[in-house]
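Peer 1: This is the structure I want to talk about, given as structure tokens.
There are 2 protein chains.
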Amino acid sequence: MAAPGMRGRGARLPRSARRTQLLGAAREVFVAQGYHAAAMDEIAERAGVSKPVLYQHFPSKRDLYLALLEQHTDELVEATREALASTSDNKQRVAATMTAFFAFIDSESESFRLVFESDFTNDPEVRELLDRMQRGCAEAIAEVIEEDTGLSAAEAELLSIGLTGISHVTARYWIQAGRPIPRDAAASLVSHLSW
Amino acid sequence: MAAPGMRGRGARLPRSARRTQLLGAAREVFVAQGYHAAAMDEIAERAGVSKPVLYQHFPSKRDLYLALLEQHTDELVEATREALASTSDNKQRVAATMTAFFAFIDSESESFRLVFESDFTNDPEVRELLDRMQRGCAEAIAEVIEEDTGLSAAEAELLSIGLTGISHVTARYWIQAGRPIPRDAAASLVSHLSW
DNA sequence: CAGGTCGGTTACCGGCGGGTAGGATCTGCC
DNA sequence: GGCAGATCCTACCCGCCGGTAACCGACCTG
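And the structure:
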């Protein structure tokens, strides 16, 4: 009856395609509502699919959330490492890293909310993922600092934590203020101030 | 039968005393479990009282949480203002403010978790309180910066946001690392680095 | 066409937890 | 004593939502 290649409700998809699609729907809902307010029914509905399908791909709501979160934390650490490796001039390094942070936060999907505004931080595994991300970013930065300045390892670590804090907070402030200036200008302003 | 002045389960308290006691119990539970995982039954039990009593003082779980949160956000803004007013030497101002932040986070009750690790940030009123706190701290700092340096208002604002970010993140890092060095040493190290 | 498998669906369950109804008890006051 | 008005308790309700049981139809394969 229905056309064989039809899209929309009722379309049959191979397993892996369905999985990524479900992850996308879950991201939208979790981003918009947070972990607790999000309902599995709604995620399924947004994917145009019924709930049991969701449970055939992810054993529980929590696991779904963790899969999604890990994906995005890894993304940010990776972006940080790339930015640091993109140049060898330290002043530009700060700027590049700041830009990477701003880009991450400015992404269309607003997925940064998962990472920086999670409402499920009481879960030990969520905590673990977020801590690991923090360590990942800080260590990458600390290596460079330690190498290029005379600071001790402990001081370099602390300083890099501080730098991530600046990026994090200012970038969210910039978003919340409605992106009053272009992204790159904001990033370079902040990096200039912290330099 | 029971002694008239007895303490413990069943003791009758005047309204205002009961209220503050309930707030204390609520703080403990919310701090330990977060908003969502906390149960009103548990808060009541911790206060040695039954649930309806709780509802005679606070119309809903949400209102209870908001009352508590406002109390602590106000506290931090106040501490920041006091620290800034405590001296007129700018370098010492930074140190004093940093110390105030660390003291807030290091408080016995761990109530900073309510403020910095809330899992109820999706609620608009919670957001509003946290934003107001952020603005309160940043504005207080920005006034001083703008007065004592040549920066524009916008730049001063951004810089102060960044400073709160540093304090926030480093102080939590210090706690999480198990307070490896004394509080004042940590605060002055951070203020030295950011100076 | 029989039979397996893969991707789907509808319809349901069960418990957790916020919130409440209604009654018991103490205290102060005349 | 006896009334007024607090304070507090036991016992219950019920809606939401994570998770599941049971079944359906399309497609391939021999």
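Residue numbers (this note's numbering), protein chains in the order written: chain A, 1 to 195; chain B, 196 to 390.
The beta carbon of each residue, even a glycine, is placed where N, CA and C say it ideally should be.
Everything numeric in this text was worked out from a predicted model, so none of it was measured.
To test your reading of the DSSP string, which unbroken alpha helix (DSSP H) runs of 4 or more residues are found completely within the region 100-164 of chain A?
Peer 2: You should have 112-116 and 124-148.
Peer 1: Residue 294/B to residue 285/B, Cα distance in whole Å?
Peer 2: Using only the alpha carbons, I get a separation of about 14 Å.
Peer 1: Name the chain A residues that come within less than 8 Å of residue 353/B, Cβ to Cβ?
Peer 2: Near residue 353/B (Cβ distances below 8 Å), the residues of chain A are 170, 173, 189, 190 and 193.
Peer 1: Does chain A have any CB closer than 8 Å to the CB of residue 361/B?
Peer 2: By this cut-off, residue 361/B is an interface position.
Peer 1: Establish whether the CB of residue 196/A and some CB of chain B are separated by less than 8 Å.
Peer 2: The question about residue 196/A has no answer here: the residues shown for chain A are numbered 1 through 195.
Peer 1: Under 8 Å, do residue 186/A and residue 104/A count as touching if we go by C-beta distance?
Peer 2: No; because the gap between Cβ atoms is not below 8 Å, this pair is not in contact.
Peer 1: Quick one: is residue 161/A buried, meaning 16 or more other Cβ sit within 10 Å of its Cβ, or exposed?
Peer 2: Result: buried.
Peer 1: Which whole runs of the beta strand (DSSP E) in the region 261-291 of chain B are 3 residues long or more, in chain order?
Peer 2: As far as the region 261-291 of chain B is concerned, it has no whole beta strand (DSSP E) run of at least 3 residues.
Peer 1: State buried or exposed for residue 314/B, treating a residue as buried only when at least 16 other CB atoms are found within 10 Å of its CB.
Peer 2: Flag for residue 314/B reads buried.
Peer 1: Below 8 Å between beta carbons: does that hold for residue 73/A and residue 115/A?
Peer 2: Their beta carbons are under 8 Å apart, which means residue 73/A touches residue 115/A by this criterion.
Peer 1: Going along the chain, which residues of its own chain have a beta-carbon closer than 6 Å to the beta-carbon of residue 191/A, five neighbours each way excluded?
Peer 2: So the list reads 94, 95 and 98, once near-sequence residues are dropped.
Peer 1: Use the C-beta contact count for residue 376/B: other C-beta atoms within 10 angstroms, 16 or more gives buried, fewer gives exposed.
Peer 2: Exposed: under 16 other Cβ atoms inside 10 Å.
Peer 1: May I ask you to report which of helix, strand or coil DSSP gives residue 52/A?
Peer 2: Helix at residue 52/A.
Peer 1: Taking the alpha carbon of residue 326/B as the point to measure from, which residue in 169/A, 77/A, 179/A and 159/A has its own alpha carbon closest?
Peer 2: Checked all of 169/A, 77/A, 179/A and 159/A; the closest Cα to residue 326/B is 169/A.
Peer 1: Chain A partners of residue 397/B, CB-CB under 8 Å?
Peer 2: Since the first residue of chain B shown is 196 and the last is 390, residue 397/B is not available in this structure.
Peer 1: Does the beta-carbon of residue 178/A have 16 or more other beta-carbons within 10 angstroms, so that it is buried, or is it exposed?
Peer 2: With fewer than 16 Cβ atoms within 10 Å of its Cβ, residue 178/A is classed as exposed.
Peer 1: So with CB distances below 9 Å, who are the chain B contacts of residue 104/A?
Peer 2: Per Cβ cutoff of 9 Å: no residues; residue 104/A is ~16 Å from chain B at best.
Peer 1: Residues of the region 100-124 of chain A in Cβ contact with chain B at a cutoff of 9 Å, in chain order, please.
Peer 2: For the region 100-124 of chain A, which is checked against every Cβ of chain B, the residues closer than 9 Å are 117, 118, 119, 120, 121 and 122.
Peer 1: Counting only Cβ pairs nearer than 7 Å, list the residues of chain A close to residue 229/B.
Peer 2: Neighbours of residue 229/B on chain A, chain order: 122.
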